[in-house]
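Counting in my numbering, the sequence shown runs from 3 upward without gaps.
In what follows, a single structure is set out as structure tokens and then discussed.
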Amino acid sequence: MINFNGEVRSSSENFLNHTNRGLRYGDALFETMRVVNSKIFFWEEHYLRLMASMRILRMDIPMNFTMEYLEQEILKTVGANEMDTRPVRVRMGVHRKDGGLYLPTDRGVEYIIEVHELQSPFYTLSEAPYTVELFKDHWVNAGLLSTLKTNNRLVNVLAAIYAEENGYENGLLLNEKKNVVEAINGNIFLVKGQTIKTPPLEDGCINGILRKQLLKILSKLDSYTLEEQSVSPFELQKADELFITNTITGIRPVTNYRKKQFKADVSRDLLGKLNLHVRLGGPS
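Next up, the structure:
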């Protein structure tokens, strides 16, 4: 079951057509959230990012798009799929209403909420091999639009195809300055000694919710030094650890990049602190 503008429908039902602006122009954005036992992890951060993104895209935000209303609609969709007590992945997509060519005739929006079950209610650390490689065919443009979770994800799609065709688990995206920006599906962090480094938003990386949580955790730790600075590809093979973050998987350690093999000690330490942060602070 999916939720289209507040109405729960069968996912097999046709309710969009060829005039949809998300399909025509990528005039849409989305939030991907983790929900466990009907509690939305980091809901306030997701909501504020969604509202800020809609403003940047000059969408008219409906008066009823309050935190309480959208939370209720998300949980209604979870309940309609009988997943109230399970860990689930929620995708909420927002697209501008039909009409117009490049210039929309209506700046109002519609939304779609869909859910899929997850395996674990907790963030866990995978021990499986995880190899990455640079994707050089196309790049992410440094700038504000690249930090938003819009439907314009062609670079990510092509990078994912490249990774699969060449036997990699993930790809690392570059910007036009040839700095490493992020992975296909999350933000990237490098560890060298006790220093943890991640690209700044100005380089074009997604303004990730899990990235923000880790920055918050690291700012309170004396054992690590945090740097938000541009990452050169040459730094990858000099790092002790490399890990990828997103709201669904948490922290995913990279095991190999070319001839470099990475440890996962800091990843494991931070994952424990992340799970504690969720439990003590509450996921909402």
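Yeah, the Cβ is synthetic: ideal placement off N, Cα and C, and Gly gets one too.
All values reported here derive from a predicted model rather than from experimental measurement.
The criterion of a C-beta distance shorter than 7 angstroms is satisfied by V80 and V37. Of the candidates I250, A82, K222, L223, the residue whose Cα lies closest to the Cα of G210 is I250.
The residue among N154, K261, V256 with its C-alpha nearest the C-alpha of S128 is V256. Contact annotation, E237 with L175: C-beta distance approximately 15 angstroms; criterion of less than 8 angstroms not satisfied. With a cut-off of 8 angstroms on Cβ pairs, the stretch 132-139 is not in contact with the stretch 107-124, counting fewer than three such pairs. In its chain, beyond the 5 residues on either side, D242, E243 have a beta carbon closer than 7 angstroms to the beta carbon of K265.
Within its own chain, the residues whose Cβ lies closer than 7 angstroms to the Cβ of H97, once the five positions on either side in sequence are excluded, are N22, R23, G24, D29, A30, V111, E112, listed in chain order. Taking all protein chains in view, the Cβ of A130 is surrounded by fewer than 16 other Cβ atoms within 10 Å, so the residue is classified as exposed.
Cβ atoms of L272 and L216 come within 8 angstroms of each other, at about 7 angstroms. For the pair G188 and A144, the CB atoms are not nearer than the 7 angstroms cut-off. Nearest to P201 by alpha-carbon distance, out of S234, E171, K218, is S234. Inclusion of D86 and S40 in the CB contact set at 7 angstroms is warranted, their separation being smaller than that value. For V80, no beta strand (DSSP E) encloses it; the enclosing alpha helix (DSSP H) starts and ends at 69-82. The stretch 7-71 contains, as complete alpha helix (DSSP H) runs of 4+ residues, the segments 23-27, 45-58 (chain order).
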